[in-house]
Amino acid sequence: MAAANLTVKELSQGNITILSLNGELDAKTAPEFRAKLDALASAGKVKIICDCKELSYVASAGIGVMNAVQKTLTSQSGELILIAVKKEIRDTMELMYFTKKVRLFGSIDEAVSAFK
Amino acid sequence: MKDTREFSFEIPNNFDSLQGSRDKIRNFLEDSNFSSLEKNRILLSLDEAITNIIEHGYTDQKAGTITVQLEMNKEGTHFKSSLIDDAVKFNPLMKAKVNPNDFIEESRDGGMGIYNYIHLMKVEYEERPQGGNILKLNYTKKV
Numbered sequence: 001m002a003a004a005n006l007t008v009k010e011l012s013q014g015n016i017t018i019l020s021l022n023g024e025l026d027a028k029t030a031p032e033f034r035a036k037l038d039a040l041a042s043a044g045k046v047k048i049i050c051d052c053k054e055l056s057y058v059a060s061a062g063i064g065v066m067n068a069v070q071k072t073l074t075s076q077s078g079e080l081i082l083i084a085v086k087k088e089i090r091d092t093m094e095l096m097y098f099t100k101k102v103r104l105f106g107s108i109d110e111a112v113s114a115f116k
Numbered sequence: 117m118k119d120t121r122e123f124s125f126e127i128p129n130n131f132d133s134l135q136g137s138r139d140k141i142r143n144f145l146e147d148s149n150f151s152s153l154e155k156n157r158i159l160l161s162l163d164e165a166i167t168n169i170i171e172h173g174y175t176d177q178k179a180g181t182i183t184v185q186l187e188m189n190k191e192g193t194h195f196k197s198s199l200i201d202d203a204v205k206f207n208p209l210m211k212a213k214v215n216p217n218d219f220i221e222e223s224r225d226g227g228m229g230i231y232n233y234i235h236l237m238k239v240e241y242e243e244r245p246q247g248g249n250i251l252k253l254n255y256t257k258k259v
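Following this line, the structure appears as structure tokens:
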């Protein structure tokens with residue numbers, strides 16, 4: 001039986017960090033994702049865009065990570081912004097009211113502009 | 117000819133089982149009349165319930181097995197499932213209600229799994245006489 005799989009690729013654009021997520025974010029993979037976001041916040045990289053184009057599933061554990069980290073980032077004048085979120089994942093976020101707390105855009109360029 | 121399609125499988129009580137479990141549920145839902153949003157809501161509900169059983173049902177670290185039984189009517193509009201475990205007794209319907217506003221305002225990192233599946237599915241609970249639990253999550257296509 002396949003183990004849950006999530007890969008996270010990181011690149012920087014000025015003081016903005018872009019994380020490209022590929023796979024599924026569930027109770028198995030959420031702790032690794034949390035560790036990645038916490039490490040960025042600790043390094044002062046508090047403006048983060050998550051590219052969700054290749055993210056195919058998110059459970060509440062994944063949204064919980066983003067919900068908690070958003071507070072850390074905003075307290076340091078940063079923010080977590082999501083782009084290219086599939087409608088099914090957005091539906092899950094709306095169920096948990098998370099769309100009240102995160103900005104969603106269609107492209108990296110739109111998200112970068114939103115930070116300015 | 118049967119009026120329903122059935123499929124069942126067993127998974128061990130660890131998070132490594134989640135991806136494979138979702139893949140089987142996805143495959144089962146493929147041949148249905150549910151929309152992609154409905155399929156994801158059903159998938160999310162079962163995944164949250166299984167995660168909750170694994171995370172909280174086996175506090176003594178013992179190895180356990182969760183049996184997942186799936187059933188669909190021939191029209192592909194009515195889905196039934198049973199999650200049968202040998203974990204400690206736990207009735208999620210007796211759990212205090214969670215408010216998503218509190219989850220957001222207090223920046224919590226969890227505690228929403230039960231809310232999600234109770235909000236999305238018709239839920240029934242039975243205690244197994246031999247120990248463990250049966251959680252039934254059913255969904256009928258919205259008109």
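Respectively, the protein sequence lines represent chains E and A. Just so we're aligned, residue 1 is where the first sequence starts under our numbering, counting upward by one. Just so we're aligned, residue 117 is where the second sequence starts under our numbering, counting upward by one. Cβ coordinates follow ideal geometry from the N, Cα and C atoms, glycine included.
Between the segment 47-57 of chain E and the segment 83-98 of chain E, the count of C-beta pairs closer than 8 Å reaches three or more; the two stretches touch. Y241 of chain A is bridged by DSSP to A:L251. Under a criterion of Cβ atoms nearer than 9 Å, the residues of chain A adjacent to L95 of chain E are, in order, R157, L160, P216, M228, Y231, N232, H235 and L236.
Taking a Cβ-Cβ cut-off of 8 Å, N22 of chain E has no neighbours in chain A, whose nearest Cβ is about 14 Å from it. At a cut-off of 8 Å, the C-beta of F131 of chain A has a neighbouring C-beta in chain E.
If you draw a straight line from the Cα of S60 of chain E to the Cα of L160 of chain A, it comes to about 9 Å.
With the criterion set as a beta carbon lying under 8 Å from some beta carbon of chain A, the members of the segment 42-74 of chain E are Y57, A59, S60, A61, I63, G64, V65, N67, A68, Q70 and K71, in sequence order.
A212 of chain A counts as exposed, since fewer than 16 other C-beta atoms from the protein chains shown sit within 10 angstroms of its C-beta.
E10 of chain E and E221 of chain A have their C-alpha atoms spaced approximately 29 Å apart. The segment 26-85 of chain E is shown to contain whole beta strand (DSSP E) runs of 3 or more residues at 47-58 and 79-83, in chain order. When DSSP states are grouped into helix, strand and coil, Q135 of chain A belongs to the helix group.
Excluding the 5 residues flanking it on each side, I16 of chain E has same chain C-beta neighbours closer than 7 Å at K47, I49, V112 and F115, in chain order. In terms of beta-carbon proximity, A27 of chain E lines the interface with chain A, with at least one pair separated by less than 8 Å.
Exclusion of the five residues before and after L209 of chain A leaves Y241 as the residues of its chain whose Cβ lies within less than 6 Å of its Cβ.
Between the alpha carbons of S20 of chain E and R138 of chain A lies a gap of roughly 22 Å. Only T167, I170 and E171 from the segment 167-183 of chain A bring a Cβ to less than 8 Å from some Cβ of chain E.
Under the three-state reduction of DSSP, D91 of chain E is assigned to helix. Distances from the alpha-carbon of K258 of chain A to those of A:D132, A:Q185, A:K238 and A:Y174 put A:K238 closest.
Rounded to the nearest angstrom, the gap between the Cα atoms of A41 of chain E and L73 of chain E is 7 Å. Where D225 of chain A is concerned, there is no enclosing alpha helix (DSSP H), because DSSP gives it neither an H nor an E.
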